[in-house]
Structure formats: C-alpha cells, structure tokens
Amino acid sequence: LPQLAGKRILVVDDNATNREIVTRHARSWGMEPMAVELPSEAVALIERGEHFDVAVLDMMMPGMDGIALAGEIRLHRSETELPLLLLTSLGRLPHTRSTGAFAAQLAKPVRASQLYNALVRLVATVVETPEAAEIVADGKQATSSLRILLAEDNAVNQMVALRLLERLGYGADVASNGLEALDALERQPYDVVLMDVQMPQLDGLDASRRICERWPATARPRIIAMTANALPEDREACFAAGMDDYVAKPIRPDELAEALKRVKPLRVTGSRPGKNGAEFDPAALDSLRELGGDDFIAEVIDTFLADAPTLLETLRHSLDEEDADELRRAAHTLKSNGGTLGAGAFSELCQELEQRAKNGQLVGASELVTRIEQTYEPLQEALAALGSKQVS
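Quick note, the sequence shown lines up with residues 12 to 403 if you use this note's numbering.
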C-alpha cells in the first residue's frame, strides 16, 4: 500500500479500544502511528515540533473535544501541513463549527475501507479546501441530498469513483464487497448504491438479488451497476438481478451524472427494525478479526465486559446526582464500545441517552437507562460465550 507506507499518523482518542483499532489499521497499511489518550498530549507533541502527515481526532473527549483540539493544532499547523480527520457519532457538525478545521469526517463505528480511503485522500492528494474534501458523517456531500453507497473492491477504482463523485458535488460511503454493502444498508438507508459487478465474497449480482429480497421496492435504494463488461447480455444480467441502471467502466463523468440525476431520494417514514440486545454485527467482528485474529476479539470483549458494569453504575449514579455531564460521558463510552463490537441495539440506546444528557433532558432518562440495562444482559451472555469460543 504505497500511498500510506511510511506516513506518520497521530491518533487522539480517550477510548483505549478505539485508539488501538485505529492504530492497528494504520500499522497494517505501513503507516507509523503515534497514539495518545489526551488532547493535551497531542498539543504537546505538536508544540515540540513532532511531524505528522495526518491526524485522526475523536470528537467526544473529556476536557477538550475534537473541535477545540483542532483549533489548538491550527495555531501551529496549517491545513496543508497537517490535514485533520474527525471521527464522530454525532452526525454532521454545524457548518460554523467545522469550517476550516477538518479535511474529512467519518461516522463511527468506522469501517477499515472507509478509514483507508479517507487517509489516502488526505495524504496522497492536495486538499484544495476543507469543504471540498469533507466526507460528512451521514454519508453524503454537503452540497447533495443523496445518500450514496459505493460498493467496489478495487482500491484504485474506489479512489477514482470517489473523486468523480466529489467533482459532481457528492460524497459516498464505501463497501469493499457485497457483504459489506448489505451490512451498510442494514445500518442506515441509502438512496443509491453504485454496485461493482465483480467483487469477492459476494458479487454485485448476488448482492442486488439479496437487496431486492430484503427490502420492498419503496424502501430499497436504486442500484446502479458498474462494470467493464458492456455486452447486451451483461446488461440484461444486471437488470435481471434487480439493478435499476448501468454505467460502463471506465466511468465517464457525464454518464455518472445522468445516472445520479435519475435517483429519487427515499422517504424514510419509520425507524428500522430493532435488534435483540444479544445480536451484534458480524461485519464488525470480522473487522476486528482482520486486525488481530480471534485473540484480539477475545481481548476486546474482555475489556468491554470488564468496563461495562462500572459504566452502567455510573449512569445510575449520575442520574441520582443530576450530573448530566457525567451521564453523557458514561453513555458515550458505552455507545462507542458497543459500536466497536457491532452491538447495534445497545449502542443506539446509549447514543439516545448521550444526546439527552448533552441537551440536559434528564426527564425520562431513568427509563432509558433501564432499557440499556435490560439490553445489556443478553448482550453480556452472548459476548461472554463468543469470547470463550475465540480462545478455545
């Protein structure tokens, strides 16, 4: 991976598990990571003259959040000297707070392919303006209302497609195969999927068939095939699999623009089906397995199960003391740790509590904490069983 090899990356996150995951990803791509827990440590490194090619900052940290840390870094390094990537679970940041600070944003939990593509964009190309390169957290460019998922296994093709989309005023989330695409669609709705036909594990044709099976026509994204096979029978195979449109590779900007103009945004009227607390996203576990094998999964599970009881007690204690800030911090950590393991239902409840605490809305929070505790019980049993399997 020559684009990232030898590049120095600064990782700032108060969550040890998240810090370790980003660090392992970076190291696997040949980068030289430096990871710190506190924003003050990052500022000290910058002031000392340490050189980094890119910095990854968590949004929610005690004492100084990612926005404030970016402001401190900008006192010493310009956007071109040190591009900043923000990891956030808060959704897209208000324009007034993000202008000039970050070259990109990614939503947590971050997939390896998303992080890789963002880092390549930041260290291998010149970012003209922060706004032009911003990857917003809800998966769309600030100038576009379309939520786009790019399903493409080839890293070069990913870069080209993302740049074409950027030129057209769009942004996109990235899936590296059909299974990742299905997983992304389970997590959130997309208006359109740019689907490569030839992909490992699950190709574009089979992925499209599964999408058509799982979602009704009114609730599924428009699927645009991307393939170098331009024969009539190839097009027919795409349409027979449930795809709605077709662009030939190499992709021409005008053809892609016309195909996207034909996309109508989905109208999402209800929440997606909830999951049992014991269920977790297998793709998240696969990502951890790629980083360090089954032993690493067991290590992450052990850390989660060791920390969770104290954090759950903190939720109750902070409610009794009406300490919204302590409640927010504990909910944020639980949400982040749960998301790392793909515990979607648990993580979503914690995110809701975090948002309430942030807004100072403690009325009704006790019932939400009860739901979190109830969701944790089957999750704890399932993770404990899974952890024992990884080391057996």
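Each residue gets a CB set at the ideal place from its N, CA and C atoms; glycine is no exception. Predicted model only: the values in this text are computed from it and were never measured.
From residue i to residue j, what distance separates their C-alpha atoms?
i    : j    : result
S15  : R132 : Sequence inspection shows Leu at residue 15; the Ser mentioned does not correspond to that position. Each residue's alpha carbon lies about 10 Å from the other.
L316 : A354 : 13 Å
T344 : E163 : 32 Å
F307 : Y127 : 20 Å
E359 : L242 : 45 Å
A55  : D245 : 57 Å
E145 : L179 : Caution is warranted here: a pLDDT of 37 is assigned to E145, below 50, making its placement in the model unreliable, and the coordinate value is therefore given only provisionally. Each residue's Cα considered, the two are about 14 Å apart.
M210 : M254 : 15 Å
A27  : E177 : 33 Å
V311 : G371 : 31 Å
A143 : L49  : Residue placement at A143 is flagged as unreliable, the pLDDT there being 32, under the threshold of 50; the coordinate-derived value follows with that caveat. Each residue's alpha carbon lies about 29 Å from the other.
D217 : R198 : 19 Å
L394 : T351 : 13 Å
K272 : A81  : 36 Å
T107 : S298 : Confidence in T107 is poor, its pLDDT being 41 and thus under 50, which makes the residue's placement too unreliable to answer from.
A166 : M71  : 30 Å
F250 : Q212 : 21 Å
L296 : R233 : 28 Å
Go through its chain and collect everything with a Cβ distance to residue i's Cβ below 6 Å, but skip five positions before and after it.
i    : result
V380 : L326
V171 : none
T110 : Its pLDDT being 41, under 50, T110 is placed unreliably in this model, and the value from its coordinates should be taken loosely. Cβ within range, chain order: n/a, list empty.
A396 : none
S329 : E337, L338
What are the start and end residues of the beta strand (DSSP E) that includes residue i?
i    : result
I262 : It is not in any beta strand (DSSP E) - I262 carries neither H nor E in the DSSP assignment.
P44  : 43-47
A252 : No beta strand (DSSP E) contains A252, which DSSP labels as neither H nor E.
V204 : 203-207
Y116 : The residue you asked about is not Tyr; residue 116 is Gln in the sequence shown. Per DSSP, Q116 belongs to the beta strand (DSSP E) from 115-118.
A236 : 233-238
Whose C-alpha, out of the options, is nearest the C-alpha of residue i?
i    : options              : result
V208 : K272, G304, A192     : A192
D184 : A123, R220, P211     : A123
V67  : V203, R59, P73, A112 : A112
A79  : Q199, V23, Y257, K18 : V23
F63  : E83, M71, K18        : K18
L86  : I57, M71, M75        : I57
A335 : A195, A46, R367      : R367
P44  : L21, S219, S51       : L21
Go ahead and label residue i buried or exposed: buried means 16 or more other beta carbons lie within 10 angstroms of its beta carbon, across all protein chains shown.
i    : result
E224 : exposed
G189 : buried
D69  : buried
A118 : buried
E269 : exposed
A376 : buried
G60  : exposed
S282 : Any answer about S282 is weak, because its pLDDT of 35 lies below 50 and its placement is not dependable; what the coordinates show is given next. Flag for S282 reads exposed.
T229 : exposed
T386 : buried
I383 : buried
T34  : buried
D256 : buried
P227 : exposed
So, at 7 Å on beta carbons, what are the nonlocal neighbours of residue i in its own chain, with the 5 sequence-adjacent residues on each side left out?
i    : result
V404 : Only positions 12 to 403 of the chain appear in this structure, which leaves residue 404 out of reach.
Q169 : N128, L161, E163, V185
R221 : L193
K346 : S100, S358, C361, Q362, E365
P73  : D25, R340
K260 : M237, T238, A239
D265 : none
P94  : V65, A114, L133, V138
E175 : Per the sequence presented here, residue 175 reads as Leu, with Glu not at that position. I262, P264, L267, listed in sequence order.
S187 : S124, D164
Hey, could you find the ends of the alpha helix (DSSP H) residue i is sitting in?
i    : result
R35  : 27-39
L338 : 335-351
A53  : 50-58
D24  : Looking at the DSSP string, D24 is not in any alpha helix (DSSP H), and its letter there is neither H nor E.
A66  : Counting along the chain, A66 falls outside any alpha helix (DSSP H), though it belongs to the beta strand (DSSP E) covering 65-69.
Counting only the same chain and skipping the five closest in sequence on each side, list residues whose C-beta sits under 8 Å from that of residue i.
i    : result
Q391 : L316, A319
P276 : S156, L157, R158, D202
P88  : Sequence inspection shows Arg at residue 88; the Pro mentioned does not correspond to that position. So the qualifying residues of the chain are I57.
Would you say the beta carbon of residue i comes nearer than 6 Å to a heavy atom of the ligand MG?
i    : result
T351 : Looking for the ligand MG in the displayed structure turns up nothing, as the structure carries no ligands at all.
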